[in-house]
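What follows is a short report on a single structure.
Number of protein chains: 2
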Amino acid sequence: MTNALTVNVPEGLPFIEFEREFDFPVADVFRAHKEPELVAQWLGPRGLRMEIDHYDFRTGGSYRYTHIAPDGTEYRFSGIFHTVRENDFAIQTFEFDAYPDVVSIEFLTFQDLGGGRTRLTAHSVYPSMEARDGMAQSGMESGLSEGYERLEELLAGAGTPQAQSGKVTA
Amino acid sequence: MTNALTVNVPEGLPFIEFEREFDFPVADVFRAHKEPELVAQWLGPRGLRMEIDHYDFRTGGSYRYTHIAPDGTEYRFSGIFHTVRENDFAIQTFEFDAYPDVVSIEFLTFQDLGGGRTRLTAHSVYPSMEARDGMAQSGMESGLSEGYERLEELLAGAGTPQAQSGKVTA
């Protein structure tokens, strides 16, 4: 699959990088990252329900959401948006409540490839090698991969009634 | 000097660490980091005047300030506070306008040593080795060192009339 997620976990540096292409315009991919009603429909692995406390995708905004597993287990995430530039770039912090104060910072680039296609590139920076390794081994890659599949389904207007009601229009 | 600034620039990891002790209570050291009228009196090297656009030292807050050199050159800094815990801990992002989008994240610990003394410990995380090296070579250490001397003067109620008017009271 030409659009498959690629993940890089560099040895000896506390970074994770990934890249994912989409056959959708950058404005649509960006909007799906910006609007909480859309974010709730794709972010995270299949099978987890997402409840958003707040999600204010703008420079100086903040977010907090919970992923709820079928057995009721809750996973809470929060952070702040240092920078958000429309259809271009975002920098956010990321904290998982199970590991308080272990906060990473992620640099997300939305690149217009032309021809109605987009490349998403992320550079995540962890406060220690242990934190980076913990994240890399946490099932992060499959969660990301599934999330981006769900994002594609949302952008295509396919999938569940929820996704259809949240269809991204140009 | 038992309270001298110690700086560690670890090889091969994009971090800078530093530590500084003060013969002042943690609440006073914390307040000097929290209140913009106080921050303006110590943060940065001697000889630079600080103008604060905003400085909201709380979880989810943000800051922007300018250091102005005698020749009029301006250096602008901004970021957001991911976490602030009273007399305890803060996490903030840091961006210098001359290097847009090169954003670091800093973990600042305020430790009550007892006996009216405090240890400040910082762990700064850079998005690349180049960014870390650039900061380490920028005169950061002397700027930090001078700033903490100015902080001590402020806490002691000594120094300029400005410092006296901003004296920290228990």
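Chains W and B supply the protein sequences, listed in that same order. Using my numbering, you'd call the opening residue of the first sequence number 1 and step up by one each time. Using my numbering, you'd call the opening residue of the second sequence number 1001 and step up by one each time. Even glycine gets a Cβ: it sits at the ideal position worked out from N, Cα and C. The model shown is predicted, which means the values in this text are computed figures rather than measured ones.
ask   = Between the beta-carbon of E106 of chain W and the beta-carbon of F89 of chain W, is there less than 9 Å?
value = no
key: Three-pair Cβ contact test at 8 Å for the region 43 to 51 of chain W versus the region 1045 to 1057 of chain B   = no
query = Does the beta carbon of M1129 of chain B come closer than 9 Å to any beta carbon on chain W?
reply = yes
ask   = Run through DSSP, which three-state label would V84 of chain W get?
value = strand
inquiry  = Could you check whether the Cβ of Y148 of chain W sits closer than 9 Å to any Cβ belonging to chain B?
reply    = no
Simplified DSSP assignment, three categories, for V102 of chain W = coil
query = Could you check where the alpha helix (DSSP H) with F18 of chain W kicks off and where it finishes?
reply = Not the alpha helix (DSSP H): F18 of chain W falls in the beta strand (DSSP E), residues 15 to 22.
query = From what residue to what residue does the alpha helix (DSSP H) around E51 of chain W run?
reply = E51 of chain W -> not in any alpha helix (DSSP H); beta strand (DSSP E) instead, spanning 49 to 55.
ask   = Does DSSP put A40 of chain W in a helix, in a strand, or in coil?
value = coil
Contact test: G1114 of chain B Cβ vs the ligand ZN heavy atom, cutoff 8 Å = The model on display carries no ligand, and the ligand ZN is accordingly not part of it.
ask   = Residue range of the beta strand (DSSP E) that D1005 of chain B falls in?
value = In the sequence as displayed, the identity of residue 1005 of chain B is Leu instead of Asp. That residue, L1005 of chain B, is in no beta strand (DSSP E); it is neither H nor E in DSSP.
task = Would you tell me roughly how many angstroms separate the C-alpha atoms of A122 of chain W and R76 of chain W, rounded to the nearest one?
result = 21 Å
task = Check whether the Cβ of A1004 of chain B lies closer than 9 Å to any Cβ atom in chain W.
result = no
key: Contact with chain B by H33 of chain W, beta-carbon distance below 9 Å   = no
query = Are any of the Cβ atoms in chain W nearer than 9 Å to that of P1036 of chain B?
reply = no
task = Taking L1151 of chain B as the query, report the chain W residues whose CB atoms sit under 8 Å from its CB, ordered along the chain.
result = Within 8 Å Cβ-Cβ: nothing; L1151 of chain B doesn't reach chain W, min ~24 Å.
ask   = With which residues is E74 of chain W paired in a DSSP beta bridge?
value = W:I68
task = Please compile the residues from chain B whose C-beta is within a distance smaller than 8 Å of the C-beta of F89 of chain W.
result = D1101
message = Would you say G1134 of chain B lies against chain W (beta-carbon separation less than 9 Å)?
response = no
query = Which value, in whole angstroms, describes the spacing of the CA atoms of Q1026 of chain B and H1033 of chain B?
reply = Note that residue 1026 of chain B corresponds to Val in the displayed sequence, not to Gln. Approximately 11 Å between the Cα atoms of the pair.
inquiry  = Taking 9 Å as the threshold (beta carbon to beta carbon), is I52 of chain W in contact with chain B?
reply    = no
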